[in-house]
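Chemist:
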Amino acid sequence: MKVTSETSRPLLVALREVSIGYGRPILPSITMDVAAGDFVAVVGPNGAGKSTLLKTLCGVLRPLAGEVIFPGGRPFVGYVPQEGALDPIFPFSAKEVVALNLVPSLPLSRWLRRRHYLLAEQALDRMGIGDLRERPFRELSGGQKQRVLLARALVIEPRLLVLDEPAAGLDPVAEERFLGELTAMNRADDLAVVLVTHQLARAASVAHRLVIVDRERQLVRLGPTAEIMTPEVLSTIYGARVAVHGTADGLLIRFEPEESDDA
Amino acid sequence: MHDVGFWESSFLWLDAVAAAVIGALLLSYLGFYVVLTRNAFVSAAVSQLAALGIVLAILLGASETDSVAALVIGGQRPEDATPLLVGTAFGILGTALFALPRGSRRVSTDALLAIAVIAASSSTLVCARYLTTDYQHVQAALFGDAVVASRDELIVLFATAIGVGLLHLFFRDRFLLVVFDRASARAQGMATGPWSLLLGLTVGLSIAVVTRSLGALPAFAYTVVPATGALLLTSKLPTALWIAAGVAVVSATVGYYLSFVLDLPTGPTMVTVTLLPLLPAAVLALVRRA
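In the order they appear, the protein sequences are chains W and R. Take the first sequence: its letter number 235 is residue 234 in numbering that gives the first Met the number 0, and every next letter is one higher. Take the second sequence: its letter number 174 is residue 173 in numbering that gives the first Met the number 0, and every next letter is one higher.
This is the structure:
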């Protein structure tokens, strides 16, 4: 299938009528593109299908139907899983966790060498946690682990970065810093970012485009952030009255209860 | 106690000790994959599936003889090795359970392996009812006793250890990645299924060969105990590997020696010696955590 980009930037991934799920579809079919420099946030309630969509988009899961196309060949994809996705039983240092992600790009006859561990150390330095390189990964705090996982995703110099609720477990200050770093990398390096979160307002403040999914209501809605984040659209999506207020700190979204007929 | 001294009778035990050391080293290394993927029952699954494979091969006529006694160990080459080969293949392929992708499962791999053990054990005993020979011979064909080892057994064990060792030397990083973070590997386009299968086959083959030489209990113990003890003692994988290797070599040699001079069953004595460092390791780990 020939795929053309809606933007002038090179298209990295195209989903065409893709059906996602484990064995049976959990959402209506999805068609969407991710181009270089995009910042896409996937939002929705718990269990909405956000992670399944993310995994399908980056090739971790096969689609049940439709096509996931990499028009320019499979790009380097940095994947940051949910916190807790990696079993803490493994006795790896932070440096080893980062270096292991270089393995798929090695020729078959090669294994990790000193220069790969140096790259891992540089990635950790870039995240400001170079001093943790020899510490066991399982003994790190939630915020430190997230930085190691981001270093791990970045060590392969990806063109597409996919993150599954990376701010879960972070305090508000750490979360703000983390998202700030993501935004900076997105702008400076033309890095495409696809981020799963359940915080609508936070997603709207950083993403160019939103994908709202809800398995229970069989809902998929895609569009530019400015078009999605209106009271009318959000009220339609969530089936409740929604107020959107602009504040100095960003958007404030309030879900207001429907007035009772008895009132 | 023996009339002949331990060192004077070295011609009796040299091959057996060599087999024990090689088997213990091989399984104590592969045991890290077993323990880290929480698949402790994989050894039991291989043994039981192999037993079922032998019984089925005989009943379905894969062998011209139903005399499994012909297969029995003791340095003699089996007259008809078909049931044994079928059984071993059955056991090794059974470890495909160990290698299957885990992402979408609703139950843990350990639970699946336990079900495989239960199903294979019960099916074997039911099918064995129709054998014209004693089921004990099936077990004898499968499970070594660690007391003696034929030169053929030693060669097979050594060749397996070299082959598996070379595969893991070249592909260790890939094996580690697919068991640690399959999703990230797949996101980069790595075909994780074949690597998982290859890892599972090396584990299954090694367990089958060591079980044939040392017995089911030592094989089970060496896939679980040294790695567990080492992981309790250290958070560094290279250090853990050396600790497990040390425990394996010491327990195989000291265990054999003690079984000889104290006239104890060899396999269980090796296992007991393997277990000895586990208690202080657990206490140390608890103290560290406190």
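A virtual CB, placed ideally from N, CA and C, is assigned to each residue, including glycine.
To which residues of the same chain is residue 157/R closer than 7 angstroms at the C-beta, ignoring the five residues directly before and after it?
Modeler: Counting only Cβ-Cβ distances below 7 angstroms, and skipping sequence neighbours, we find 21.
Chemist: Using three-state DSSP, classify residue 74/R as helix, strand or coil.
Modeler: In this prediction, residue 74/R has a pLDDT of 35, which is less than 50 and means its spatial position is unreliable; what the coordinates show is noted afterwards. Here residue 74/R sits in coil by DSSP.
Chemist: Could you check the C-alpha separation between residue 28/W and residue 213/R for me, to the nearest Å?
Modeler: So the alpha carbons of these two residues sit roughly 56 angstroms apart.
Chemist: What are the start and end residues of the alpha helix (DSSP H) that includes residue 78/W?
Modeler: No alpha helix (DSSP H) contains residue 78/W, which is instead part of the beta strand (DSSP E) from 76-79.
Chemist: Grouping DSSP H, G and I as helix and E and B as strand, with all else coil, what is residue 20/W?
Modeler: Coil.
Chemist: Are residue 149/W and residue 180/W touching if we call contact CB-CB under 9 angstroms?
Modeler: In contact: residue 149/W and residue 180/W (Cβ atoms closer than 9 angstroms).
Chemist: Consider the Cβ of residue 159/R: report whether some Cβ of chain W lies at a distance smaller than 9 angstroms.
Modeler: Residue 159/R does not count as touching chain W.
Chemist: How long is the line joining the alpha carbons of residue 254/R and residue 4/R, rounded to whole angstroms?
Modeler: Approximately 16 angstroms, taken between the alpha carbons.
Chemist: So, is residue 205/R buried or exposed, given that buried needs 16 or more other C-beta atoms within 10 angstroms?
Modeler: It counts as buried.
Chemist: Mark residue 70/R as exposed unless 16 or more other C-beta atoms lie within 10 angstroms of its C-beta, in which case mark it buried.
Modeler: Interpretation of residue 70/R is limited by its pLDDT of 46, a score under 50 that renders its predicted location unreliable; the figure taken from the coordinates is listed afterwards. It is buried - the Cβ of residue 70/R has at least 16 other Cβ atoms within 10 Å.
Chemist: So the candidates are 42/W, 20/W, 155/W; which of them puts its Cα closest to the Cα of residue 221/W?
Modeler: Ranking the options by Cα distance to residue 221/W, first place goes to 42/W.
Chemist: Give the secondary structure of residue 90/R by DSSP, where H, G and I count as helix, E and B as strand, and everything else as coil.
Modeler: Here residue 90/R sits in helix by DSSP.
Chemist: Residues in the stretch 171-205 of chain R with C-beta within 7 angstroms of chain W's C-beta atoms, listed in sequence order?
Modeler: The stretch 171-205 of chain R vs chain W, Cβ under 7 angstroms: 171, 172, 173, 175, 176, 179, 180, 182, 183, 184, 185, 186, 187, 188, 189.
Chemist: Only counting runs of 4 or more residues, tell me where the alpha helix (DSSP H) segments fall wholly within the stretch 161-240 of chain W, in order along the chain.
Modeler: Correct list: 171-188, 199-205, 224-227, 230-237.
Chemist: Could you work out which residue in 71/W, 69/W, 51/W, 254/W is closest to residue 62/W when comparing CA atoms only?
Modeler: Of the listed residues, the one whose Cα sits closest to residue 62/W is 51/W.
Chemist: Does residue 169/R have its Cβ less than 9 angstroms from a Cβ in chain W?
Modeler: Residue 169/R counts as touching chain W.
Chemist: Hey, how far is the Cα of residue 72/R from the Cα of residue 239/R?
Modeler: Because the pLDDT of residue 72/R is 35, which lies under 50, any placement of that residue in the model is unreliable, and the question is left without a value.
Chemist: Which residue marks the beginning of the beta strand (DSSP E) containing residue 151/R, and which one marks its end?
Modeler: It is not in any beta strand (DSSP E) - residue 151/R instead sits in the alpha helix (DSSP H) that spans 150-179.
Chemist: Closest by CA to residue 151/R, which one among 211/R, 194/R, 173/R?
Modeler: Nearest C-alpha to residue 151/R: 211/R.
Chemist: Can you tell me where the alpha helix (DSSP H) with residue 280/R in it begins and where it stops?
Modeler: Note, residue 280/R: alpha helix (DSSP H), 277-288.
Chemist: Would you say residue 112/R lies against chain W (beta-carbon separation less than 9 angstroms)?
Modeler: It does not: the Cβ of residue 112/R has no partner Cβ on chain W nearer than 9 angstroms.
Chemist: If you draw a straight line from the alpha carbon of residue 253/W to that of residue 208/W, how long is it in whole angstroms?
Modeler: Their Cα atoms are separated by approximately 20 angstroms.
Chemist: Just to confirm my understanding: we take residue 142/W, look at its own chain, exclude 5 residues before and 5 after, and list those with CB closer than 6 angstroms. What are they?
Modeler: Cβ within range, chain order: 169, 173.
Chemist: Please name the residues in the stretch 228-251 of chain R whose beta-carbon is closer than 8 angstroms to at least one beta-carbon of chain W, in chain order.
Modeler: So the close ones are 230, 233, 234, 235, 236, 239.
Chemist: Measure from the C-beta of residue 72/R to each C-beta in chain W and report whether the shortest distance is under 9 angstroms.
Modeler: Any reading at residue 72/R is ruled out, since the residue's pLDDT is 35, under 50, leaving its predicted position unreliable.
Chemist: Output the distance between the C-alpha atoms of residue 181/R and residue 152/W, rounded to the nearest integer angstrom.
Modeler: Those two C-alpha atoms are separated by around 14 angstroms.
Chemist: Anything in chain W within Cβ reach of residue 35/R, meaning under 9 angstroms, just list it in chain order.
Modeler: Those within 9 angstroms of residue 35/R in chain W are 86, 88, 89, 90.
Chemist: Assign residue 288/R to buried or exposed, taking buried as 16 or more other Cβ atoms, counted over all protein chains shown, within 10 Å of its Cβ.
Modeler: Classification of residue 288/R: exposed, given that the 10 Å Cβ count is below 16.
Chemist: Which residues of chain R have a Cβ atom closer than 9 angstroms to the Cβ of residue 54/W, listed in chain order?
Modeler: In chain order: 102, 182, 185, 186.
Chemist: Looking at the structure shown, is residue 128/R part of a helix, part of a strand, or coil, going by DSSP?
Modeler: Of the three classes helix, strand and coil, the one that applies to residue 128/R here is coil, per DSSP.
Chemist: Indicate whether at least one CB of chain R lies closer than 9 angstroms to the CB of residue 238/W.
Modeler: False, the Cβ-Cβ gap to chain R never drops below 9 angstroms.
Chemist: I think residue 243/W touches residue 229/W, with their Cβ atoms under 8 angstroms apart; what is that distance to the nearest whole Å?
Modeler: The pair is a contact, with the Cβ atoms about 7 angstroms apart (cut-off 8 angstroms).
Chemist: Quick one: what's got a C-beta closer than 6 angstroms to residue 273/R's C-beta in the same chain, skipping five residues either side?
Modeler: 220, 224, 250.
Chemist: So with CB distances below 8 angstroms, who are the chain R contacts of residue 155/W?
Modeler: Result: 187.
Chemist: With a threshold of 9 angstroms between beta carbons, is residue 73/W in contact with chain R?
Modeler: Yes, its Cβ sits closer than 9 angstroms to a Cβ of chain R.
Chemist: Going by other Cβ atoms of all chains shown within 10 Å of its Cβ, with 16 needed for buried, is residue 59/R buried or exposed?
Modeler: With fewer than 16 Cβ atoms within 10 Å of its Cβ, residue 59/R is classed as exposed.
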